[in-house]
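Asks:
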Amino acid sequence: MKDISKYQGVIPAFYACYDKNGDVSPEGVRALTKYFVDKGVKGVYVGGSSGECIYQSVAERKLVLENVVAAAQGKLTIIAHVACNNTRDSKELAAHADSLGVDAVAAIPPIYFHLPEYAIAAYWNDISAAAPNTDFVIYNIPQLAGVALTMPLFREMLKNPKVAAVKNSSMPVQDIQMFKTEGGEGFVVFNGPDEQFISGRVIGADGGIGGTYGVMPELFLKMDELIRAGKTAEALPVQNAANEIIYTMCAAKGNMYGVIKEILRRREGLDLGGVREPLYNLVPEDKAVVDKAVELIDNAMRKFIG
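The opening position of the sequence shown corresponds to residue 23 in our numbering, with each subsequent residue numbered one higher.
Spelled out as structure tokens, the structure:
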């Protein structure tokens with residue numbers, strides 16, 4: 023049976039890092055990678071939604087991944103999201119990730135055009151074939167991609183021996199149980215919705231990949247610790263506190279990732295820039311939202327981490 027321990031635990035989604043001109047900052051990427059190493063998370067998910075992948079070029083995404091791999095020094099599980107809205111660029115990113123020795127590549131389905139399932143399967147299998155030494159992770163996020171991972175499509179993909187996991191960001195936690203059961207022994211399912219970290223883990227998720235983990239990794243690591251110890255009731259207040267922080271961050275006029283980066287600047291001294299347009303950057307009125315989120319994080323750290 024395949025060793026899945028490298029995928030078990032807390033895997034933050036990596037944030038886009040920009041300099042003052044809005045270009046990808048290798049220095050920022052390396053600093054954020056070191057931050058995650060120091061926090062003790064299991065790994066990082068690079069080039070996904072939190073990494074603003076659909077707003078970055080192929081060259082930029084390669085630059086980000088190269089610097090993550092260099093800075094991680096083998097201390098993190100690295101999953102590289104390589105999907106573009108065409109197969110050619112996706113295969114190029116997959117081959118590049120494979121050459122760097124990442125643990126897995128991942129991909130959402132193509133967006134905009136509603137493709138038949140056999141075309142989606144071909145797209146994913148073509149990407150997987152371009153990274154022959156690397157596990158493949160299906161990213162199921164129907165509320166944004168506009169396409170759901172159905173059981174017939176999932177069964178088709180399981181014919182590919184490189185398909186090792188599903189990152190499940192659909193809202194019904196039952197989907198996690200269904201994919202876990204159908205995938206069989208040694209198949210990995212990641213919980214996607216951060217607000218359901220406990221629910222997903224209890225129903226069978228091996229770990230979690232989430233966009234808000236990075237701003238409060240200690241809280242998700244605490245939940246992971248308690249769940250592993252069978253102390254779900256003790257994990258619930260931590261989840262509730264994390265959810266209040268998430269809801270607060272979403273209340274800004276600017277994009278949530280802009281809020282996250284400002285919090286990391288204040289609390290951790292990380293300068294990761296803003297977000298790339300058309301994502302909306304923070305406005306002066308958002309200061310109150312950031313202040314409140316920082317206060318909530320600080321309070322939760324004192325209460326649950328000490």
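Ideal placement from N, C-alpha and C gives every residue a C-beta, glycine not left out.
Using a 10 Å radius around the Cβ and a threshold of 16 neighbouring Cβ atoms, would you call Val305 buried or exposed?
Replies: Val305 is exposed by the Cβ-count criterion.
Asks: Quick one: grab the DSSP three-state call for Ile33.
Replies: It is a strand residue.
Asks: So what's His136 in DSSP terms, helix, strand or just coil?
Replies: Coil.
Asks: Mind pulling the alpha helix (DSSP H) runs of 4 or more residues that sit fully within the segment 94-162?
Replies: Correct list: 109-122, 139-151.
Asks: Quick one: what's got a C-beta closer than 6 Å to Cys272's C-beta in the same chain, skipping five residues either side?
Replies: These residues qualify, in order along the chain: Met278.
Asks: In its own chain, which residues sit with a C-beta less than 7 Å from the C-beta of Ser112, not counting the 5 before and 5 after it?
Replies: Within the same chain, Ser112 has close Cβ partners Val104, Ala105, Cys106, Ala129, Ile149.
Asks: Candidates Gly31, Ala251, Gly168: which alpha carbon is nearest Leu137's?
Replies: Checking every option, the nearest Cα to that of Leu137 belongs to Gly168.
Asks: Assign Phe209 to one of three DSSP states: helix, strand, or coil.
Replies: It is coil, neither helix nor strand.
Asks: Count the other CB atoms, across all protein chains shown, that sit within 10 Å of the CB of Pro215; report buried if there are 16 or more and exposed otherwise.
Replies: Result: buried.
Asks: Quick check: the Cα distance between Glu49 and Ala93, rounded to an integer number of angstroms?
Replies: If I take the Cα positions, the gap works out to 10 Å.
Asks: Let me know the secondary structure DSSP gives Tyr279 once reduced to three states.
Replies: Here Tyr279 sits in helix by DSSP.
Asks: So, with DSSP's three-state summary, where would you put Val4?
Replies: The structure shown has nothing for residue 4, since the chain only spans 23 to 328.
Asks: Among Asp293, Ala263, Leu292, which has the Cα closest to the Cα of Lys314?
Replies: Considering only alpha carbons, the answer is Ala263.
Asks: Let me know if Glu74 comes out buried or exposed under the rule of 16 or more other beta-carbons within 10 Å of its beta-carbon.
Replies: Answer is buried; the Cβ neighbour count reaches 16.
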